[in-house]
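As structure tokens, the structure follows; a few thoughts come after it.
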Amino acid sequence: MSEFLNQKSSIQGKVPSGYLNTIFDLTGDWLHDAADTKNLAFDGYFISLYHLHLTASLLVLHDSVKKSVPSHWDPEALSRKGIAGYAELFVVLNWLRLTVWLFIQTYGTHIIVGMAVGGQDLLCVRQNYSSAIPSSELRGYLEDLGDVMFSDGKSPSLLQRKTRDGKQKVPEVFNHIFKSNSLQLASIAETSSKDGLTIISSKRGGNVFLHNHSNWLQTVPTKPEGILFKFVPITSLLTGIPGSGYLSHAINLYLRC
């Protein structure tokens with residue numbers, strides 16, 4: 041899923057973007073999230089009213105950005121200081137960490153070069169390894185929930201299916217999110233530890249407090265937001281700048297945390 045969404049944003053690699061973390065309500069570091077997550081899936085609508093993009097063929101960083109790159113980084117020289125230089129080494133490393141952190145906080149890690157503007161109405165499912173529900177069955181539940189919610193409850197629902205002995209067949213969390221959808225919230229999450237599932241219903245653009253999909257759809261043109269972005273990594277524009285190698289490595293580590 042991370043590779044799929046990254047491709048949509050022109051980002052290489054498997055490291056999940058902030059967009060994926062947001063729609064699937066992932067808050068930990070990506071290695072632990074990946075270790076805990078069995079499947080990710082979503083259903084929904086992306087309404088693109090128009091697209092914005094930079095027309096410049098060559099992107100160049102502003103001089104003020106280039107000057108913010110930490111230029112003093114010589115690990116071999118630092119290692120030669122030995123025990124007597126441990127105190128100075130500690131100070132230098134802390135200064136470097138702070139400088140890199142300030143650079144990332146000020147300029148970020150990627151540059152937006154394009155975006156789709158409109159709205160999105162999504163249903164996202166996160167399945168943990170504790171869940172025994174087959175992926176094909178889970179997909180069917182998600183599609184059925186989407187049919188009901190995106191048709192404003194007019195579509196016949198299979199969410200009330202029961203087994204032969206009268207027990208609820210569909211995990212209760214699906215019905216919980218359907219009932220919670222009437223709340224005036226931009227994003228709703230329901231979790232079932234028993235089934236190992238988390239379901240998130242979220243809107244972006246338009247009047248996000250309208251739970252009715254059709255009514256929300258009519259408000260998107262009056263309150264559109266950026267929904268899909270195209271990025272260029274800032275590290276790709278650092279070539280030739282003193283200290284850029286260390287900064288690029290630090291940014292890559294930052295993205296993996």
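Going left to right, the sequence shown walks through residues 41 to 297 as this note's numbering numbers them. Even glycine gets a Cβ: it sits at the ideal position worked out from N, Cα and C.
For this session: Let me know if residue 285 comes out buried or exposed under the rule of 16 or more other beta-carbons within 10 Å of its beta-carbon.
Result: Residue 285 is exposed by the Cβ-count criterion.
Starting from residue 55, follow its DSSP beta bridges and name the residues at the other end.
Paired residues: none, contrary to the question.
(message) Taking 8 Å as the cut-off, does the segment 163-174 touch the segment 232-239 (at least 3 CB pairs, one atom from each stretch)?
(response) The segment 163-174 and the segment 232-239 touch, with three or more beta-carbon pairs separated by less than 8 Å.
### Query
Name the DSSP bridge partner or partners of residue 165?
In the DSSP output, where bridge partners are listed per residue, residue 165 has 81 and 239.
Just verifying my parser: in three-state terms, what is the DSSP assignment at residue 280? Per DSSP, reduced to three states, the secondary structure at residue 280 is coil, with no helix or strand assignment.
Which listed residue (50, 247, 66 and 178) has its alpha carbon closest to that of residue 276: Among 50, 247, 66 and 178, the Cα nearest to that of residue 276 belongs to 50.
query = Measuring CB to CB, does residue 213 end up less than 8 Å from residue 239?
reply = In this structure, residue 239 lies closer than 8 Å to residue 213 by Cβ.
Can you look up residue 216 in the DSSP assignment and give me helix, strand or coil? Looking at residue 216 - three-state DSSP - the assignment turns out to be helix.
Q.
residue 283 and residue 111 - do their beta-carbons sit closer together than 8 Å?
A. With respect to residue 283, residue 111 sits close: the two C-beta atoms are nearer than 8 Å.
Practice item. Would you mind reading off the limits of the alpha helix (DSSP H) that contains residue 42? Key: Per DSSP, residue 42 belongs to the alpha helix (DSSP H) from 42-48.
* Asked: Of the choices 41, 100 and 294, whose alpha-carbon is the least far from that of residue 272?
  -> Nearest option by C-alpha distance: 100.
State buried or exposed for residue 67, treating a residue as buried only when at least 16 other CB atoms are found within 10 Å of its CB. Label assigned to residue 67: exposed.
Requested in this report: Put residue 149 into one of helix, strand or coil per three-state DSSP.
Outcome: Assigned with DSSP and collapsed to three states, residue 149 falls in coil, not helix or strand.
Take every Cβ of the segment 173-181, pair it with every Cβ of the segment 142-156, and state whether three or more of those distances are shorter than 8 Å.
The answer is no - the segment 142-156 does not touch the segment 173-181, with fewer than three Cβ pairs under 8 Å.
Can you give me the C-alpha to C-alpha distance between residue 152 and residue 83, rounded to a whole angstrom?
Between residue 152 and residue 83, the alpha-carbon positions lie close to 25 Å from each other.
- Query: Who are the near neighbours of residue 52 in its chain, counting only those whose CB is closer than 6 Å to its CB and skipping five residues on each side?
  - Reply: Nothing listed; no residue qualifies.
request  = Answer yes if the segment 86-99 comes into contact with the segment 61-76, meaning at least three C-beta pairs across the two stretches below 8 Å, and no otherwise.
outcome  = Judged by Cβ distances under 8 Å, the segment 61-76 makes no contact with the segment 86-99, as fewer than three pairs qualify.
Query - Candidates 278, 160 and 93: closest to residue 226 by CA position - result: Selected option, being the one with the closest Cα: 160.
- Query: So, are the CB atoms of residue 55 and residue 268 less than 8 Å apart?
  - Reply: Taking 8 Å as the Cβ cut-off, residue 55 and residue 268 do not qualify as a contacting pair.
What does residue 90 pair with, by DSSP beta-bridge criteria?
Paired residues: 157.
Same chain, Cβ closer than 7 Å to residue 78, neighbours up to 5 away in sequence not counted | Short of 7 Å from the beta carbon of residue 78, and not among the five residues preceding or following it, lie these beta carbons of its own chain, in chain order: 167, 168, 169 and 171.
When DSSP builds the beta bridges, which residues end up paired with residue 229? Per DSSP, 240.
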